[in-house]
Structures are given as structure tokens and as C-alpha cells.
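Last residue of the sequence shown? That's 162 in the working numbering, and every number before it is there in order.
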Amino acid sequence: MPQSLSKVYTHLIFSTKHRKNLIDDSIENDLYNYIGGICKDMECNPIQVGGHKNHVHILCLLSRKITQMKLLQEIKQGSSKWIKTMDDRYTNFYWSRKHSGDTEVSRYLRK
């Protein structure tokens with residue numbers, strides 16, 4: 052039987068609730084590494100994870116075993132719980148309900 056192959060790159064973008072600048076220098080790298088770990092656990096190889104004080108960008112290879120929405124849910128839920136354990140100042144950390152996902156990222160990668 053022929054084998055079907057797919058390689059879907061997805062670019063996920065989401066922000067902190069009310070776009071508050073809650074991703075500070077002391078947590079930024081650890082947060083991005085943690086998010087990358089969630090992607091790996093979901094078999095969605097992270098290519099690059101980064102962002103700014105109030106939002107995150109994730110470029111990863113989407114696994115055939117999971118939907119983009121399920122991946123986003125796991126990332127937001129897991130990282131939100133994790134960051135709240137890092138320091139009392141993150142007790143009220145939440146991600147926005149809004150998000151963006153794009154599987155046509157070649158235009159971003161050429162810049």
C-alpha cells in the first residue's frame with residue numbers, strides 16, 4: 052500500500068491577556084524553552100519559538116496525530132500553569148483567548 056507523507060509547518064501567534072507586558076527578561080528564555088518542550092511532547096518539532104513582552108510566535112512542524120487547535124490548547128494551558136509556579140508575580144498570568152495560526156509561512160521566513 053502506498054504511504055502518504057505530509058510536512059505541515061504551522062506558525063502560531065498568541066498574546067497575553069489584554070496584551071499586558073508580562074513576559075519579562077527573567078522568564079522569557081525559560082518560557083520559550085518550556086513551550087518548545089510541549090511541542091516536542093506533542094510530536095510537533097519546534098523550529099523556532101520566540102516573541103516579545105506580550106506575545107509568542109511558534110514555528111513548528113505539525114504532527115499528523117494532532118490538530119492545530121489541540122496543540123495550541125496544550126501549549127497555552129501547560130505554559131500558563133508552569134509560569135504561575137515560577138514566581139508570585141506571575142500568579143495572574145493568563146493567555147488571551149485570541150490567537151492566529153498560519154500554515155503558509157514561507158513569506159515570513161524569507162524576510
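We put the CB at the ideal spot given by N, CA and C, even for glycine.
If you're wondering where the values come from, they're calculated on a predicted model, not measured in any experiment.
DSSP state of residue i mapped onto helix, strand, coil
i	result
residue 99	strand
residue 157	Since pLDDT at residue 157 reaches only 48, below the 50 mark, its modelled position is unreliable, and the value read off the structure follows with that caveat. Here residue 157 sits in helix by DSSP.
residue 90	helix
residue 110	strand
residue 121	helix
residue 55	coil
residue 77	coil
Neighbourhood of residue i by C-beta distance below 8 Å, restricted to the same chain and skipping five residues each side
i	result
residue 72	104 and 105
residue 56	none
residue 83	100, 101, 102 and 107
residue 90	96, 97, 100, 109, 111, 122 and 126
residue 78	134, 137, 138 and 141
residue 69	147
Spatial neighbours of residue i in its chain, beta-carbon cut-off 6 Å, leaving aside the 5 residues before and after
i	result
residue 102	108
residue 145	68
Residue(s) in a DSSP beta bridge with residue i
i	result
residue 146	67
residue 60	112
Residue-level contact to chain B via CB, residue i, 8 Å cutoff
i	result
residue 69	Considering every chain present, this structure includes no chain B. It has just one protein chain.
Same chain, Cβ closer than 7 Å to residue i, neighbours up to 5 away in sequence not counted
i	result
residue 85	130 and 133
residue 115	57
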